[in-house]
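Student: Chains as they are written, first to last, in this note's numbering: chain D, 1 to 402; chain F, 403 to 804.
Protein chains: 2
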Amino acid sequence: MGDKNISIGLFGFGCVGQGLYDVLNHSEGLKANISKICVKDKNKKRSIDASYFTYDKEEILKSNNLNVIVELIDNSEEAFSIVKAAMNNGVSVVTANKKMLAEHFRELYHLQEKNNVALIYEGSAGGSIPIIRNLEEYYDNELLSSVKGILNGTCNYILTRMELEKRDYTDVLEDAKKAGFAETDPWLDVAGFDTKFKTLLLTIHAFGIVLNPDDIFNTGIQNISYDDILYAKQRGLRIKMLAVSHKVGDKYRVYAIPHFVNAESELYNVNYEYNAVEVEGAYSCKQTFVGKGAGSHPTGNAVLSDISALRYDYKYGYNKLKKALHGKTEIEEGRKQIEYDFSIKLYIRYNKQEQLKDLEIITIEEEYKSAHTNYIIANVNFKSLFNIYNKRDNKLFICAIE
Amino acid sequence: MGDKNISIGLFGFGCVGQGLYDVLNHSEGLKANISKICVKDKNKKRSIDASYFTYDKEEILKSNNLNVIVELIDNSEEAFSIVKAAMNNGVSVVTANKKMLAEHFRELYHLQEKNNVALIYEGSAGGSIPIIRNLEEYYDNELLSSVKGILNGTCNYILTRMELEKRDYTDVLEDAKKAGFAETDPWLDVAGFDTKFKTLLLTIHAFGIVLNPDDIFNTGIQNISYDDILYAKQRGLRIKMLAVSHKVGDKYRVYAIPHFVNAESELYNVNYEYNAVEVEGAYSCKQTFVGKGAGSHPTGNAVLSDISALRYDYKYGYNKLKKALHGKTEIEEGRKQIEYDFSIKLYIRYNKQEQLKDLEIITIEEEYKSAHTNYIIANVNFKSLFNIYNKRDNKLFICAIE
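1. How should Tyr368 of chain D be labelled, buried or exposed, when 16 other C-beta atoms within 10 angstroms of its C-beta is the threshold for buried?
2. Which bits of chain F does Ser92 of chain D rub up against, with CB to CB less than 9 Å?
3. If I follow the unbroken alpha helix (DSSP H) through Pro186 of chain D, where does it start and stop?
4. Which two residues bound the contiguous beta strand (DSSP E) that contains Lys286 of chain D?
5. What does the Cβ neighbour count give for Val485 of chain F, buried or exposed, with the cut at 16 atoms within 10 Å?
6. Alpha carbons only, please: which of F:Phe784, F:Ile764 and F:Lys797 is nearest the one belonging to Asn776 of chain F?
7. Going by beta carbon distance, what residues of the same chain come within less than 7 Å of Asn721 of chain F, once the five residues before and after it are set aside?
8. Pull up the distance between the alpha-carbon of Ala378 of chain D and that of Pro186 of chain D, whole angstroms please.
9. Using the Cα positions of Lys694 of chain F and Ile338 of chain D, report the straight-line distance between them to the nearest angstrom.
10. Helix, strand or coil for Thr232 of chain D per DSSP?
11. Can you give the Cα-Cα distance for Ser284 of chain D and Asn677 of chain F, rounded to whole angstroms?
12. Could you tell me the boundaries of the beta strand (DSSP E) in which Leu412 of chain F lies?
13. Please list, in chain order, all residues of the same chain as Glu567 of chain F whose beta carbon is under 8 Å from its beta carbon, the five residues on each side excluded.
14. Ignore the nearest five residues each way along the sequence and tell me which others in Gln355 of chain D's own chain have a CB closer than 8 Å to its CB.
15. Can you grab the Cα-Cα spacing for the pair Ile552 of chain F / Glu266 of chain D, in whole Å?
16. Under 8 Å between the Cβ atoms of Ile606 of chain F and Tyr654 of chain F?
17. Along the chain, where does the beta strand (DSSP E) containing Tyr540 of chain F start, and where does it finish?
18. In three-state terms, what does DSSP make of Ser35 of chain D?
19. Give a yes or no on whether the minimum CB-CB distance between Asn407 of chain F and chain D is below 8 Å.
20. Does Glu365 of chain D come out as helix, strand or coil in the three-state DSSP assignment?
21. Run down chain F in chain order and give the residues with a C-beta less than 8 Å from the C-beta of Ile129 of chain D.
22. Look at the alpha carbon of Ser465 of chain F and the alpha carbon of Glu122 of chain D, and state the distance between them as a whole number of angstroms.
23. For chain F, is any of its Cβ atoms less than 8 Å away from the one on Asp140 of chain D?
24. Thr621 of chain F: which of F:Asp596, F:Ala452, F:Glu666 and F:Val441 sits nearest, CA to CA?
25. Please identify the residue among D:Leu321, D:Phe342, D:Asp22 and D:Tyr340 whose C-alpha is closest to the C-alpha of Glu332 of chain D.
26. Identify whether Tyr716 of chain F lies in helix, strand or coil by the three-state DSSP scheme.
27. So is Ile131 of chain D buried or exposed if we call it buried at 16+ other beta carbons inside 10 Å?
28. Alpha carbon to alpha carbon, what distance is there between Lys98 of chain D and Asp189 of chain D?
29. Tell me whether the region 707-721 of chain F and the region 488-506 of chain F touch, counting them as touching only if at least three CB pairs, one residue from each stretch, are closer than 8 Å.
30. Enumerated in chain order, which unbroken segments of the alpha helix (DSSP H) with a length of 4 residues or greater are wholly contained in the region 614-680 of chain F?
31. Using the three-state DSSP reduction, which class does Phe342 of chain D fall into: helix, strand or coil?
32. With which residues is Asn783 of chain F paired in a DSSP beta bridge?
33. Are Val68 of chain D and Ile129 of chain D touching if we call contact CB-CB under 8 Å?
34. Quick check: the Cα distance between His297 of chain D and Thr363 of chain D, rounded to an integer number of angstroms?
35. Looking at C-alpha atoms only, which residue of D:Phe289, D:Gln287, D:Cys38 and D:Glu163 is the closest neighbour of Leu237 of chain D?
36. Give me the Cα-Cα distance between Leu304 of chain D and Glu58 of chain D, rounded to the nearest whole angstrom.
Dropping the structure here:
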């Protein structure tokens, strides 16, 4: 595209869409403008002129005057059909939809190859932190051993307020909804699905391994109580919802689970809606990236940075994935490198003993029982955690100890 | 260069040069090899085969078989003549020599334009932290307000050990020399010149302003004593040698001075040879990058990442500088945006009252005198600090309070 004016077709005008509009209007260097915005709700009041909007997605998809489609809607299946149509029309796409990317990565990867178009998505993980671009460009020849971090602003915001205000989960969750830091149905965020989708994306760019969402175990803070926060505090620790993707021996372990972190950790002071990613490599050693992980402007800025990169026809090189494939197209092979049968040390708070029955407990190191609360510190076979995976009626709070 | 094998001519085989050799040999993805290494000392024992080495720089500069010149020698004037010759021959250059870059930036910038070759230098600031690339690529359209951080591994290593081991400066400095974290003549590091050169480079990429080294005031830890560490510790603070380049109103303030940082700061836990850079923008808010700022492999890795980028004919776009120039070539204009006449709050430890005479003290907020040590907390006209600039016989320890 060179230095031409970029004409953008935008889908969605929620939090990030409006953020992009603001950031774009205040950017001096970039010649880009939003031509048309497709939204769903005809009755919603909009902050900008009505002439921007359309309710017919074909009006954007069939336009010949657009250089870039930016997809920022909630529904991941609808998003997928929009992104697919745009790419098949030969138009490059910028998105921040981690759920769509995680659920349809294989097809989206092949669509990029088939149509020779770019699909870039810096806003999908770590909000304003340029993590995907750095994994792609800076660590492309580095033998990485670990990528982990705080990737969900909602969880971190709730955890921070619980600790600092000494309040219980449900209480703070309601406040977070009011403050715009939690959705009406917060399940995907608080139960760790959002963190998991992002972990999946980072695992592709760091290690060249493509997993399915169900390959990665996640549990979150959905069952946390102030007792857990207090337990951590008394020991100089903080609870952080972490994405973990690391190499142990010649296998990889990937999961999204709350962890205790100590005051020496770079992650300890990452609070409220801030995110952080730690990248460890054989030669670059440990690097940490910290920045706002949610919010209209920070994420809008990440999207803008992608739009700007398209001027130079930027595409992800997927170097690690291509190397792993060795010219083959069998993305499935990478999944065999994931290890499930290992022992993980966990703090598990429960109400009734029978809640523990689905877990394969190897050894119990500590046990605490009271009229008020019970917990164990135990080594558990990681594989058995899948027995409680995605069960809304499960009431355990699980926190990993490293 | 595409996917071709990259043939490297290397100048210098010290700490970073050897690191590059190691990292390159263990990189699986990159087709690159070191063809020839020019070194000075014929008598020095080398860790690799003698056939690699030459003592005649022309053997590398006049070779037609090299794609990249990597310059990693100590002497900045010699480095400049090598880099200039290579660029005039149409060969792209990777360097980590911040002193050379800071002292000759104008000419080096024009050489890039004139010869249409790349000069890239990620290893010159922040060691393993990809800060220049991120300023160039990710923040290229972002209105940044501040770039600051810990950029000198030697200072940070000494400050950390002084605090943790309760030891005095000269003592720890000797240890740092033995551990390879300080040079035989440590002046450029401990007195803040190295931090200043890096600040100068970050100011170019963040704000498009090109300064001369003497435009930027620096003082370092050369006169620190354990009393200062203790003063900080008693108040829950740590002393960190900081680079500061930020916008206040419509002017910029740029300097390299030790600062007190509190426990809430992301910089507080950045210890030993680690570096950190905080970038603040109007829309991306505050982002922090932390990683090893010194050492053979981390810096070697940054150099490797530059070499890898040259495969795709990567060049810095200098977007902010070009925007500032508006098509003109008068780099000088930017200097007028720097502010010198402002009040800065400082902790100043001194032995004799007369040592303070060169400073224009506006108000004194606290004063402490004892048989052992004296200090003041004072608001000082920043401009007057230049009266003690680069004076080895000046014995003040100065630390900024924010």
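All C-beta atoms, glycine included, are put in the ideal place defined by N, C-alpha and C.
Tutor: Answer, in terms of the structure:
1. exposed
2. Those within 9 Å of Ser92 of chain D in chain F number zero; the least Cβ separation is about 17 Å.
3. From DSSP, Pro186 of chain D is part of no alpha helix (DSSP H); its letter is neither H nor E.
4. Cys285 to Lys292
5. buried
6. F:Lys797
7. Asp542
8. 29 Å
9. 29 Å
10. The sequence shown places Ala at residue 232 of chain D, not Thr. Helix at Ala232 of chain D.
11. 12 Å
12. Ile408 to Phe413
13. Val574
14. Asn394, Lys395 and Leu396
15. 15 Å
16. no
17. Where Tyr540 of chain F is concerned, there is no enclosing beta strand (DSSP E), given that its DSSP letter is neither H nor E.
18. strand
19. no
20. strand
21. Gln689
22. 41 Å
23. yes
24. F:Asp596
25. D:Leu321
26. coil
27. buried
28. 12 Å
29. yes
30. 628-636
31. coil
32. F:Ser745
33. no
34. 47 Å
35. D:Glu163
36. 24 Å
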